[in-house]
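Have a look at the structure below, then the notes.
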Amino acid sequence: DAKTTQPNSMESNEEEPVHLPCNHSTISGTDYIHWYRQLPSQGPEYVIHGLTSNVNNRMASLAIAEDRKSSTLILHRATLRDAAVYYCILRSHFNDMRFGAGTRLTVKP
Amino acid sequence: DAGVIQSPRHEVTEMGQEVTLRCKPISGHDYLFWYRQTMMRGLELLIYFNNNVPIDDSGMPEDRFSAKMPNASFSTLKIQPSEPRDSAVYFCASSWGALEAFFGQGTRLTVV
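As given, the protein sequences belong to chains A and B, one line each in that order.
Reading the first sequence from the start, the letters are residues 117 to 225 in the working numbering.
Reading the second sequence from the start, the letters are residues -18 to 93 in the working numbering.
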């Protein structure tokens, strides 16, 4: 199975940008890179996904390396409400969706 | 659409009893996933369906667990008999293809 590697935890200051890294060296050509986050006492929530090109949406930006072996989720201005566990996963059609331990983001006021 | 709907939100049951968790996916979605989350083991994939057909149930912990998807709008996860170690939050999620998945609010199961 394709797997991802993320730091266990990261800290950020409120109102500053946050770059959450993810390594996926065994990614295949059909794998999408997905990011989800889980706020305390809630279910996982979709953040963003991409295949090859960088992606932007209202929540975040996703920067994908040219060789696709790594990606970075960018929160442009972290708020206290962004404190959560962030998961990077690979997913392709007809395949499952498995979560690792993710990165626990702490946002300091 | 109201999103993925799970019921009940909370369930407390005695050891040995049968427990049935329910999930209504988003209309039109062709994938449905069941997960279990605990502090020790994180978010574990139990089973997933594609077009109502179980594709991979290798995450189901043992024969006490079973899941069905009789139609595109309903799935159940059953535990019989339940044990205290089954206590966890169970999530259901659905997606269309490999696009974004949407999760329900979860069912918090406590087996005493």
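Just so it is clear, CB atoms sit at the ideal spot from N, CA and C, and this is done for glycine as well.
Look at Y29(B) and F72(B) and say whether their C-beta atoms are less than 8 Å apart. At least 8 Å separates the beta-carbon of Y29(B) from that of F72(B).
Closer than 8 Å to chain A by CB, E43(B): At a cut-off of 8 Å between beta-carbon atoms, E43(B) makes no contact with chain A.
Taking 8 Å as the CB-CB limit, is D37(B) close to chain A? Yes, its Cβ sits closer than 8 Å to a Cβ of chain A.
In three-state DSSP terms, what is D44(B)? In this structure, D44(B) counts as coil in the three-state DSSP scheme.
Does Y202(A) have its Cβ less than 8 Å from a Cβ in chain B? No, Y202(A) does not count as interfacial toward chain B.
Can you grab the Cα-Cα spacing for the pair T57(B) / E131(A), in whole Å? The straight-line gap from Cα to Cα measures roughly 43 Å.
Please report whether the beta-carbon of D212(A) lies at a distance below 8 Å from any beta-carbon of chain B. Taking CB atoms only, D212(A) has a neighbour in chain B less than 8 Å away.
Which residues in chain A have a C-beta closer than 8 Å to the C-beta of Y29(B)? List them in chain order. Within chain A, the C-beta atoms nearer than 8 Å to that of Y29(B) come from D212, M213, in chain order.
To the nearest angstrom, how far is it from the Cα of D212(A) to the Cα of H192(A)? If I take the Cα positions, the gap works out to 30 Å.
8 Å is my cut-off, CB to CB: does L58(B) come that close to chain A? With a threshold of 8 Å between beta carbons, L58(B) makes no contact with chain A.
Report yes or no: do three or more beta-carbon pairs, one from the segment -4 to 5 of chain B and one from the segment 50 to 64 of chain B, lie closer than 8 Å? Short answer: they touch.
Closest residue to T222(A) among Y162(A), N129(A), L178(A) (Cα-Cα distance): Nearest option by C-alpha distance: N129(A).
Under 8 Å between C-beta atoms, does G159(A) make it to chain B? At least one chain B Cβ lies under 8 Å of G159(A).
E182(A) classed as buried or exposed, judged by whether at least 16 other C-beta atoms fall within 10 angstroms: E182(A) should be labelled exposed.
Per-residue burial, D44(B) [other beta carbons within 10 Å of its own, 16 or more giving buried]: Result: exposed.
Could you round the C-beta distance between C138(A) and Q154(A) to whole angstroms and report it? I think they count as a contact, below 8 Å. In this structure, C138(A) and Q154(A) do not form a Cβ contact; the two beta carbons are roughly 16 Å apart against a cut-off of 8 Å.
Could you give the DSSP three-state label for L80(B): helix, strand or coil? In the structure shown, L80(B) sits in coil (DSSP, three-state: anything other than H, G, I, E or B).
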